[in-house]
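Comments concern the structure below.
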Amino acid sequence: MPERRAVAIYARISQDRDGQQLGVRRQLSDCRAEADRLGWTVAEEYVDDDISAYSGKARPAYQRMLEDLDAGHIDAVMAWHVDRLYRRPSELEQFISACERARVSDLHTVSGSFDLATGDGMLVARMLAAVAANESDSKRRRGKRKMQEIAEAGQPHGGGTRPFGFLPDRVTHDQTEAEVIRQIAERVLAGESLPSVGRWMDANDIRTVTGKQWRTPVIRGLLLNRRICGERVHNGKVMGPAAWEPIISTETADALHRLLTAPERRTNRAARNYLLSGMCRCAKCGNKMVSSRRYETRRYICRSGLDGGSGCGSITVTAEPVELIVARATLMRLDSRELQDALAGRVRDDAQAASLYDKIAADEGKLVELAGLWASDDMTTDGWKRAKAIIEQRLTENRQRLSRLSGTRQLDAYLGQGGALQAQWSGLNLDRQRAIVKVLVDHVVINPGVIGARSVAVERVRPVWRF
Numbered sequence: 012m013p014e015r016r017a018v019a020i021y022a023r024i025s026q027d028r029d030g031q032q033l034g035v036r037r038q039l040s041d042c043r044a045e046a047d048r049l050g051w052t053v054a055e056e057y058v059d060d061d062i063s064a065y066s067g068k069a070r071p072a073y074q075r076m077l078e079d080l081d082a083g084h085i086d087a088v089m090a091w092h093v094d095r096l097y098r099r100p101s102e103l104e105q106f107i108s109a110c111e112r113a114r115v116s117d118l119h120t121v122s123g124s125f126d127l128a129t130g131d132g133m134l135v136a137r138m139l140a141a142v143a144a145n146e147s148d149s150k151r152r153r154g155k156r157k158m159q160e161i162a163e164a165g166q167p168h169g170g171g172t173r174p175f176g177f178l179p180d181r182v183t184h185d186q187t188e189a190e191v192i193r194q195i196a197e198r199v200l201a202g203e204s205l206p207s208v209g210r211w212m213d214a215n216d217i218r219t220v221t222g223k224q225w226r227t228p229v230i231r232g233l234l235l236n237r238r239i240c241g242e243r244v245h246n247g248k249v250m251g252p253a254a255w256e257p258i259i260s261t262e263t264a265d266a267l268h269r270l271l272t273a274p275e276r277r278t279n280r281a282a283r284n285y286l287l288s289g290m291c292r293c294a295k296c297g298n299k300m301v302s303s304r305r306y307e308t309r310r311y312i313c314r315s316g317l318d319g320g321s322g323c324g325s326i327t328v329t330a331e332p333v334e335l336i337v338a339r340a341t342l343m344r345l346d347s348r349e350l351q352d353a354l355a356g357r358v359r360d361d362a363q364a365a366s367l368y369d370k371i372a373a374d375e376g377k378l379v380e381l382a383g384l385w386a387s388d389d390m391t392t393d394g395w396k397r398a399k400a401i402i403e404q405r406l407t408e409n410r411q412r413l414s415r416l417s418g419t420r421q422l423d424a425y426l427g428q429g430g431a432l433q434a435q436w437s438g439l440n441l442d443r444q445r446a447i448v449k450v451l452v453d454h455v456v457i458n459p460g461v462i463g464a465r466s467v468a469v470e471r472v473r474p475v476w477r478f
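Residue numbers for the sequence shown follow this note's numbering, so the first one is 12 and each next one is one higher.
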């Protein structure tokens, strides 16, 4: 009568696309039948589902089986095939070491067995591990090449979560979500902050495709993804036109990229609580005025050195009337002939912006090339530093020029809309109001008040226009 042994059955499937574990069930069924044929007792079944042995990802059930081997709970190990246990030689050696410590030598599969206590058994096991590793490597290379071909053809890849703005086929637009993308692109280009856009999406119960709230990095990633302008991207590189229609234009996508990747863009700024925070200037000393609250009254003040500031301390003004004056002046200017005249050179500015963007990209590439030359000892450290300084200075100047020019594009959503915005103003959130004001207003000069005046005169408030 054969010896009854406590056998561990291990089962694994690399991909379980439908989540039904059918592959694992088949493996377990065959292994149970084989154990019964041998007269062995199944001590425990260890299952890792949807995990590749070759990927290097942790396999919790496999690790638990090794621990049980060390603890002496197992007399033999069974798997449907050896490639279910390991697909890399290093994993085989780890398994052999665990078996040697536990004095377990039987490795059994549905199609045969190996005696790890013999040289021949070890040789066969190691040969099969090498074959399995090569097979996995070849499969991975074929998969990568296939994905490359799919990308070059402009077709979407399968699997994973569908992209926001598209139906599960990844080609057809989800019209509701596509409209959301167009709206948030417009809002961001008009100067609204990403956190503000996120709050707007939450307020309108707009969720990600997985039902979660939108976070700032996710919104940024969505707007920087060239998929939404009809381009196929693979491994971070644009491969060409995609098989689907664009949701936004290439020009809009380029403008979003320039805006959201600008080095001077601050992403850790504290939330603003005043419409004109950082924008008011003291007419006497030119110092930035700070926002402050005294009791229930919001104010803008020129803070002197005695109060921890660097201004003259001469001017203080109540915030609410100043903000009302600036908001009205801004909305009136949006509909004015003066603004139209100031923007007469917009076409020329757009062409300059495109040229500057190309120059910036070229210089960024040159910095990378310089680093490579220095790393390979093809140029001296002094030479590298001199060249680097020249290029970085040019980059700084061109980025500043681009920043000044790009402001004209932010006006697109607001030109001629002053009257409509006036009616909506009280219902807009503070970030949206600030975005509109900052499109036109560079800063606001606050003049001294008249002693005894009970209100803020319009003459005290002078917006300095960008355009």
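Quick reminder that beta carbons are idealized off the backbone N, C-alpha and C, glycines included.
Quiz item: Would you call the region 309–327 and the region 442–451 touching, i.e. three or more CB-CB distances under 8 angstroms?
Solution: no
Self-check item: Nearest-angstrom Cα separation, counted from residue 220 out to residue 156
Solution: Along the sequence shown, one-based indexing puts residue 156 at 145. Along the sequence shown, one-based indexing puts residue 220 at 209. Whole-angstrom Cα-Cα distance: 29 angstroms.
Exercise. Return yes when the Cβ of residue 23 is within less than 8 angstroms of the Cβ of residue 52, no when it is not.
Key: Your numbering for residue 52 matches position 41 in the sequence shown. Your numbering for residue 23 matches position 12 in the sequence shown. The answer is no: Cβ separation not under 8 angstroms.
Quiz item: According to the Cβ coordinates, are residue 428 and residue 350 closer than 8 angstroms?
Solution: As a first step, residue 428 must be located in the sequence shown, where it is residue number 417. As a first step, residue 350 must be located in the sequence shown, where it is residue number 339. No, the Cβ-Cβ distance between residue 428 and residue 350 is not below 8 angstroms.
Quiz item: So residue 293 is in the beta strand (DSSP E); what residue range does that whole segment cover?
Solution: Start at 1 with the first residue of the sequence shown, and residue 293 comes out as number 282. Where residue 293 is concerned, the enclosing beta strand (DSSP E) stretches over 291–293.
Quiz item: Since residue 89 and residue 20 are thought to touch, with beta carbons under 8 angstroms apart, how far apart are those beta carbons, to the nearest angstrom?
Solution: Within the sequence shown, residue 89 is the residue found at index 78, counting from 1. Within the sequence shown, residue 20 is the residue found at index 9, counting from 1. About 5 angstroms; that satisfies the 8 angstroms criterion.
Quiz item: What separation, rounded to the nearest whole angstrom, lies between the Cα atoms of residue 371 and residue 307?
Solution: Counted from its first residue, the sequence shown places residue 371 at position 360. Counted from its first residue, the sequence shown places residue 307 at position 296. Residue 371 and residue 307: Cα-Cα distance of roughly 48 angstroms.
Quiz item: If you pair each beta-carbon of the region 37–44 with each one of the region 96–112, do three or more pairs fall below 8 angstroms?
Solution: no
Self-check item: beta strand (DSSP E) segment containing residue 232, residue limits
Solution: By one-based count along the sequence shown, residue 232 stands at place 221. That residue, residue 232, is in no beta strand (DSSP E); its alpha helix (DSSP H) goes 227–235.
Practice problem: Apply the 10 Å Cβ neighbour rule to residue 47 and answer buried if 16 or more other Cβ atoms are within range, or exposed otherwise. | Solution: Locating residue 47 in the sequence shown gives position 36, where the first residue counts as 1. So residue 47 ends up on the exposed side.
Quiz item: So, using beta-carbon positions, are residue 113 and residue 81 closer together than 8 angstroms?
Solution: Walking along the sequence shown from the start, residue 113 turns up at place 102. Walking along the sequence shown from the start, residue 81 turns up at place 70. For residue 113 and residue 81, yes; Cβs fall inside 8 angstroms.
Practice problem: For residue 101, count neighbouring Cβ atoms within 10 angstroms of its own Cβ and tell me buried if that reaches 16, exposed if not. | Solution: Position 90 of the sequence shown, counted from the start, is the residue given in the question as residue 101. Exposed: under 16 other Cβ atoms inside 10 Å.
Quiz item: Do we get a CB-CB distance below 8 angstroms when we pair residue 307 with the residues of chain C?
Solution: Here there is only one protein chain, and chain C is not present.
Quiz prompt | Supposed close pair residue 328, residue 311 - CB separation, criterion 8 angstroms | solution = Looking up residue 328 in the sequence shown gives position 317. Looking up residue 311 in the sequence shown gives position 300. Rounded, the Cβ-Cβ distance is 5 angstroms, consistent with contact.
Quiz item: For residue 256, is the beta carbon positioned less than 7 angstroms from some heavy atom of the ligand FAD?
Solution: The ligand content of the structure shown is nil, which means the ligand FAD is not present either.
Self-check item: Alpha-carbon spacing of residue 384 relative to residue 445, whole angstroms
Solution: Indexing the sequence shown from 1 puts residue 384 at position 373. Indexing the sequence shown from 1 puts residue 445 at position 434. If I take the Cα positions, the gap works out to 46 angstroms.
Quiz item: residue 94 and residue 143 look like a contact to me (Cβ under 8 angstroms); what is the Cβ gap, rounded to whole Å?
Solution: Residue 94 sits at position 83 when you count from the first residue of the sequence shown. Residue 143 sits at position 132 when you count from the first residue of the sequence shown. Confirmed, about 4 angstroms.
Quiz item: Going by alpha carbons, who is nearest to residue 258 out of 296, 304, 191?
Solution: Stepping through the sequence shown from its first residue, residue 258 is reached at position 247. Looking at the Cα atoms, 191 is the closest of the given residues.
Exercise. Tell me where the beta strand (DSSP E) around residue 211 begins and ends.
Key: Within the sequence shown, residue 211 is the residue found at index 200, counting from 1. Element bounds for residue 211: not the beta strand (DSSP E) but the alpha helix (DSSP H), 205–214.
Practice problem: Quick one: measure Cβ to Cβ for residue 242 and residue 253, integer angstroms, because I've assumed they're closer than 8 angstroms. | Solution: Taking the first residue of the sequence shown as 1, we reach residue 242 at position 231. Taking the first residue of the sequence shown as 1, we reach residue 253 at position 242. That pair is a contact at about 6 angstroms.
Quiz item: Does the region 202–209 touch the region 225–234, meaning 3 or more C-beta pairs lie closer than 8 angstroms?
Solution: yes
Quiz prompt | Which residues DSSP lists as bridging residue 24, in chain order | solution = As a first step, residue 24 is located in the sequence shown; it is residue number 13 there, counting from the start. Its beta-bridge partners are 60.
Quiz item: According to the Cβ coordinates, are residue 477 and residue 455 closer than 8 angstroms?
Solution: Taking the sequence shown and counting its residues from 1, one reaches residue 477 at position 466. Taking the sequence shown and counting its residues from 1, one reaches residue 455 at position 444. Not in contact: residue 477 and residue 455 (Cβ atoms no closer than 8 angstroms).
Quiz item: How long is the line joining the alpha carbons of residue 154 and residue 183, rounded to whole angstroms?
Solution: Locating residue 154 in the sequence shown gives position 143, where the first residue counts as 1. Locating residue 183 in the sequence shown gives position 172, where the first residue counts as 1. Going by the C-alpha atoms only, they are around 25 angstroms apart.
Quiz prompt | Through-space distance from residue 91 to residue 78, alpha-carbon basis | solution = Indexing the sequence shown from 1 puts residue 78 at position 67. Indexing the sequence shown from 1 puts residue 91 at position 80. One C-alpha to the other measures close to 21 angstroms.
Quiz item: In chain order, which alpha helix (DSSP H) runs of at least 4 residues are fully inside the region 329–382?
Solution: 330–345, 348–353
Practice problem: Identify which residue in 305, 60, 294, 410 has its Cα closest to the Cα of residue 274. | Solution: Indexing the sequence shown from 1 puts residue 274 at position 263. That would be 410, whose Cα lies nearest to the Cα of residue 274.
Quiz prompt | When 123, 248, 118 are compared against residue 162, the one with the closest alpha-carbon | solution = Taking the sequence shown and counting its residues from 1, one reaches residue 162 at position 151. Selected option, being the one with the closest Cα: 248.
Practice problem: Please check the pair residue 118 and residue 127, which I expect to be a contact at CB under 8 angstroms, by giving their CB distance rounded to whole angstroms. | Solution: Locating residue 118 in the sequence shown gives position 107, counting from the first residue. Locating residue 127 in the sequence shown gives position 116, counting from the first residue. Contact holds; Cβ gap of about 6 angstroms.
Quiz item: Contact check, residue 368 vs residue 269 under 8 angstroms by CB: the rounded distance?
Solution: Taking the first residue of the sequence shown as position 1, residue 368 is located at position 357. Taking the first residue of the sequence shown as position 1, residue 269 is located at position 258. Right, their Cβ atoms sit about 6 angstroms apart.
Quiz prompt | Distance between residue 443 and residue 172 (C-alpha atoms, nearest Å) | solution = The residue you call residue 172 lines up with position 161 of the sequence shown. The residue you call residue 443 lines up with position 432 of the sequence shown. C-alpha separation (whole angstroms): 31 angstroms.
Quiz item: What are the residues that DSSP puts in a beta bridge with residue 312?
Solution: For this step, residue 312 is matched to residue 301 along the sequence shown. Partner(s): 301, 327.
Quiz prompt | Cβ-based neighbour list, residue 116, same chain, cut-off 7 angstroms, excluding 5 preceding and 5 following | solution = On the sequence shown, position 105 is the one that residue 116 refers to. If we look at residue 116 and ignore the five residues flanking it on each side, its Cβ neighbours are 110, 126, 127, 128.
Practice problem: Could you name the residues of the same chain whose beta carbon sits closer than 6 angstroms to that of residue 291, not counting the 5 residues immediately before and after it, in chain order? | Solution: Residue numbering aside, residue 291 sits at position 280 when the sequence shown is read from its first letter. 300, 311, 455, 457, listed in sequence order.
Self-check item: Close-in-space but distant-in-sequence residues of the same chain around residue 332 (CB under 6 angstroms, 5 per side omitted)
Solution: Along the sequence shown, one-based indexing puts residue 332 at 321. 467.
Quiz item: Residue range of the beta strand (DSSP E) that residue 198 falls in?
Solution: As a working note, residue 198 is residue 187 in the sequence shown. Not the beta strand (DSSP E): residue 198 falls in the alpha helix (DSSP H), residues 186–200.
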